[in-house]
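Going by the numbering used here, the sequence shown runs without a break in its numbering and finishes at 182.
Read the structure below first, then the notes.
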Amino acid sequence: MRRLIRNCYLTAVTLVGTALCQHAFAELRDPQSYFFNESFGDFAEELDNARDEGKNGVLIMFQQADCPYCERMRKTVLNHSSVQEFFRRHFLIFHVDIEGDLEITDFNGMETVEKDFAFWQNRVRATPVFAFFDLEGTRVARYTGATTDIEEFMLLGRYVVDEIYQSMSFNRYKREQQTKQP
1 MRRLIRNCYL
11 TAVTLVGTAL
21 CQHAFAELRD
31 PQSYFFNESF
41 GDFAEELDNA
51 RDEGKNGVLI
61 MFQQADCPYC
71 ERMRKTVLNH
81 SSVQEFFRRH
91 FLIFHVDIEG
101 DLEITDFNGM
111 ETVEKDFAFW
121 QNRVRATPVF
131 AFFDLEGTRV
141 ARYTGATTDI
151 EEFMLLGRYV
161 VDEIYQSMSF
171 NRYKREQQTK
181 QP
């Protein structure tokens, strides 16, 4: 009888463990395919697309090759389906290489290259930088560096979607949200 109970217990633990592992892996998806949108590099046109799709604006992740913090964001935050679904619901999302020579068109319709768009127009010197632009192409929020976790990145998204940037800084908003939690 003990052996039967022990076997049932071990089977139950194994099944629960397997289900939890499958659930955790099922939520992880490639950020390139599920977080970022495809773009031809015409951000003026992307603003029109964002308006037509009822988005809140455009999110650009400024990045560079071999950036460990960019990689960490991709592997620990941007790969989660809940993050991907929330941000894709509210924004068109693109990435820009701060050292890139690809020709792009900025929000004003002017042709430039990625590195000039990053450095001269957006003052990006370190990566990653998450820059949020409204439907007029005006930057409304900016976050430099990797967030500490998924919750902080989601909080950043809600900060922009709910337009809290109009009344307070993200750091203040984050502190207020942390004090509300039990």
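Quick reminder that beta carbons are idealized off the backbone N, C-alpha and C, glycines included.
Bear in mind that the values here come from a model prediction, so they are computed numbers and not experimental data.
Rounded to the nearest angstrom, the Cβ distance from V96 to A118 is 6 angstroms, consistent with a contact under 8 angstroms. Under DSSP, the beta-bridge partners assigned to Y143 are F130. L102 sits away from E46, with the two beta carbons spaced by 9 angstroms or more.
In this structure, S81 lies near E27, with their beta-carbon atoms less than 9 angstroms apart. Here A146 really is in contact with M73; their C-beta atoms are around 5 angstroms apart, less than 8 angstroms. Ranking K180, L59, Y143 and D149 by CA distance to the CA of S169 puts Y143 first. When Cβ pairs closer than 8 angstroms are counted between the two stretches, the segment 30 to 46 is seen not to touch the segment 64 to 72, the count staying below three. Sorting K75, N108, R175 and G137 by C-alpha distance to the C-alpha of I60 places G137 at the top. Residue pairing by DSSP places H80 opposite L28 in a beta bridge. Across the set Q121, E114 and E85, the C-alpha of E114 shows the shortest separation from the C-alpha of E99. Each of S39, F43 and E38 was checked against the Cα of E111, and the nearest Cα belongs to F43.
Put simply, the backbone Cα of L135 is about 10 angstroms away from that of G54. Considering only F35, Q121 and D106, the residue with the shortest C-alpha distance to G41 is D106. At the C-beta level, V160 and G57 come within 9 angstroms of one another. Within the segment 37 to 122, complete beta strand (DSSP E) segments of at least 3 residues are found at 57 to 63, 91 to 97, 103 to 105 and 111 to 113, given in chain order.
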